[in-house]
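Chemist:
Number of protein chains: 2
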Amino acid sequence: MTILVTGGAGFVANTLVDSILSRGDSVVCLDNLCRGTSANVARFTAKNSFRFSVVDLADLDAFRSCLDSHADLGPISEVWHLAANSDIPAGIADPSVDLRDTFMTTFNVLRIMEERKIGELLFASSSAIYGDLGDQELTESTGPLFPISNYGAMKLASEAIITAAVEKFLGRALLFRFPNVVGLPATHGVILDFIRRLRSDPDHLDVLGDGSQRKSYLHVSELVEAMLFIQPRAAKKVDAFNIGPTDAGIFVRDIARETVAAVAPGARLKFGTDNKGWVGDVPRFAYSTAKLSALGWTPKLSSLEAVRRAIGEINGQENPP
Amino acid sequence: MTILVTGGAGFVANTLVDSILSRGDSVVCLDNLCRGTSANVARFTAKNSFRFSVVDLADLDAFRSCLDSHADLGPISEVWHLAANSDIPAGIADPSVDLRDTFMTTFNVLRIMEERKIGELLFASSSAIYGDLGDQELTESTGPLFPISNYGAMKLASEAIITAAVEKFLGRALLFRFPNVVGLPATHGVILDFIRRLRSDPDHLDVLGDGSQRKSYLHVSELVEAMLFIQPRAAKKVDAFNIGPTDAGIFVRDIARETVAAVAPGARLKFGTDNKGWVGDVPRFAYSTAKLSALGWTPKLSSLEAVRRAIGEINGQENPP
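Line by line, the protein sequences are chains A and B. Position one of the first sequence corresponds to residue 82 (the working numbering), numbered consecutively onward. Position one of the second sequence corresponds to residue 82 (the working numbering), numbered consecutively onward.
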């Protein structure tokens, strides 16, 4: 089986592609290298069953040509669409970023799938589609869906055109709604940000917001495990799954403290005064993963354990021996 | 007050603009004349408080220049964004239609509103965002939102970027979720289609689908009345309102029978076999308007009464004396 992975040089793809190749399938990885790096796929490039191309998926003609160049690997039977802008503040400052890198990549993935009769789509959606519903428990059928960032908006917009595509031509689509995900290779996110700032100034760490934002964290290894668990077990033609830890998440102040303890134990923490780190930051959410639990999967790591493990891993990434 | 109405030469705008001008405000109407016609705004053009331009709102530079040309009317204080592709099957056949005319027009309206610090957005959303949830009652917080047409998908996508814009810069946004709306000037829809086909062949009427599709209908005069009722009464910075009749809708077979009785009494009806008229057609839905009722507004006409009135009106439009 040949599988297309978009955003293939990015953070989540790195673990996913490893799993897919290990079970014997072939992978075509496409990435615009906006956040991902060629180094992330270096360990796969020697394999005959792996192909990598740098292409802007928002450019439909380039996307088509690129796939044609890998036609000898056989027809593609499923697409993992992970490509997206992952820098939420950047997308708020300039809405064309999420339009192009998140929404138009999905729009074009669907055009390609219709043209080439590819039946199965696995989509990296996000808890950000739920917006800020306060303490309301967020199940897969919670509404209203009023995202508060362009990132969340373009993920919801992507879900919407995917479900319309299922009505018309797609065989099946699974919408995986990610929590905050941590691990290697870190390309963005609060832990990487804290570590980099502590390495340049080991005495101080300024935290955006008052540290009271509470978020669910999952380790990337468990995220990928969950998606591969769901895929053969989901029964509907289109369905959404919240993926996350079973706890209520951890506070940003605790992430800061854990990072300081591991990286620069003497650093003084300085917090802001707002309960949001930035415009579009969801201060807290209660993420229900009951549907995934009912299907038979729960993570082994808590939010705190996932964060601790990631701090160690990312500190190693930033400080190679 | 100067108000911008997009899709200003279209069906719903025709009644809305009349109401706005009647209360003494000025209106800048923009339309690409894809469905709307200049004839629809002819009755307003003699007024000093009315301006009309033909422009493609998906072209941001053209949109800006066009607004600049009407700057002497004073700064715009609110936008009624009604522009959209309204031909659902066309958007299913070619997804770029809804992308351009529904989604990118919303994206650009938001850019304009941010640039020009316009605080209030009234958006023509749709019951199509709910997809096909069978007999489940559709309230404003029902989920999951899995639209089954690109029309519904791009309306939901538009809602999503609007709510993100409220977080960043918009003062307020109201999302009006329309049912099927009928009345004059008819530019599209099942009644116009039936009447045109009966006028070309008064002996037969072929109905798409088996006629069992059941839909809620509202007369355009009541839709506009409802929106203008909600606007000063809605309390939140962002909110959605289902607008529709209080009944469960009427069957397509009854619309066909009513039209035949009024237009070509001898015609024989022929039904299809599918419970959907076309891909993306939602066969039935239970639309809750309890939130709007609680605010204090209910329509006077039932779905059947709205359809009967529209059949008479549209027959007159197609057969001028």
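For every residue, glycine included, the Cβ atom is placed at its ideal position computed from N, Cα and C. All figures in this text were calculated on a predicted structure; none of them were measured in a lab.
(1) From the beta carbon of A165/B, is the nearest beta carbon of chain A less than 8 Å away?
(2) If L138/A sits next to T83/A, beta carbons under 8 Å apart, how far is it from one beta carbon to the other, in whole angstroms?
(3) Tell me the DSSP secondary structure of I229/B in three-state form.
(4) Buried or exposed: where does G224/B fall if 16 or more other Cβ atoms within 10 Å of its Cβ makes it buried?
(5) Shortest alpha-carbon distance to A246/B belongs to which of S207/A, F250/A, F131/A and Y232/A?
(6) In the DSSP output, which residue or residues are listed as bridge partners for E218/A?
(7) Do I336/A and L376/A come within 8 Å of each other at the CB atom, strictly closer than that value?
(8) Applying a beta-carbon distance threshold of less than 9 Å, which residues of chain A neighbour N356/B?
(9) So what does DSSP say about D175/B, is it helix, strand or coil?
(10) By DSSP's criteria, H285/B is part of a beta bridge. Which residues make up the other side?
(11) With a cut-off of 8 Å on the beta carbons, I'd call L256/B and S206/B a contact; round off their distance for me.
(12) Straight-line CA distance for Q398/B to T118/B?
(13) Could you tell me whether the stretch 157-164 of chain A touches the stretch 177-191 of chain A, where touching means 3 or more Cβ pairs closer than 8 Å?
(14) Below 7 Å between beta carbons is the criterion; list the residues of the stretch 149-173 of chain A that meet it against any residue of chain B, in chain order.
(15) Report the three-state DSSP secondary structure of T87/A (helix, strand or coil).
(16) If I measure Cβ to Cβ from N261/B and keep anything under 6 Å in the same chain, skipping five residues before and after, which residues do I get?
(17) Are D328/A and S383/A closer than 8 Å when you measure CB to CB?
(18) What first and last residue would you give for the beta strand (DSSP E) that runs through I157/A?
(19) State buried or exposed for R258/B, treating a residue as buried only when at least 16 other CB atoms are found within 10 Å of its CB.
(20) With a cut-off of 8 Å, does the C-beta of L255/A fall near any C-beta of chain B?
(21) Looking at the secondary structure, which residues open and close the alpha helix (DSSP H) in which F92/A lies?
(22) Comparing alpha-carbon positions, which option in E196/B, D355/B and E339/B lies nearest L273/B?
(23) Just the Cα atoms here: how many angstroms apart are S281/A and F275/A?
(24) Report yes if the C-beta distance between N323/A and S222/A is below 8 Å; otherwise report no.
(25) Does the Cβ-Cβ distance between V108/B and L102/B come in under 8 Å?
Modeler: According to the structure shown:
(1) Judged by the 8 Å Cβ criterion, A165/B is not in contact with chain A.
(2) So it is not a contact: roughly 17 Å between Cβ atoms.
(3) Three-state result, I229/B: coil.
(4) Counting the other CB atoms within 10 Å of its CB gives G224/B a total of 16 or more, which places it among the buried residues.
(5) The residue with the shortest Cα to Cα distance from A246/B is Y232/A.
(6) As computed with DSSP, E218/A is found in a beta bridge with A367/A.
(7) Their beta carbons are not under 8 Å apart, which means L376/A does not touch I336/A by this criterion.
(8) One finds nothing in chain A with a Cβ atom closer than 9 Å to the Cβ of N356/B; even the nearest lies about 14 Å away.
(9) D175/B falls in the coil class under three-state DSSP.
(10) Bridge pairing for H285/B: R349/B [DSSP].
(11) Right, their Cβ atoms sit about 5 Å apart.
(12) C-alpha separation (whole angstroms): 14 Å.
(13) Contact annotation: the stretch 157-164 of chain A touches the stretch 177-191 of chain A, with at least three C-beta pairs closer than 8 Å.
(14) Hits within the stretch, in order: I173.
(15) In the structure shown, T87/A sits in a strand (DSSP, three-state: E or B).
(16) The answer, listed in chain order, is K296 and Y298.
(17) Taking the C-beta atoms as reference points, S383/A is found nearer than 8 Å to D328/A.
(18) For I157/A, the enclosing beta strand (DSSP E) covers residues I157 to H162.
(19) By the 10 Å Cβ count, R258/B comes out buried.
(20) No - not a single Cβ of chain B is within 8 Å of the one on L255/A.
(21) Note, F92/A: alpha helix (DSSP H), F92 to S103.
(22) Taking only the C-alpha atoms, the option nearest L273/B is E339/B.
(23) Distance between the alpha carbons of S281/A and F275/A is about 10 Å.
(24) In this structure, S222/A does not lie closer than 8 Å to N323/A by Cβ.
(25) The answer is yes: Cβ separation under 8 Å.
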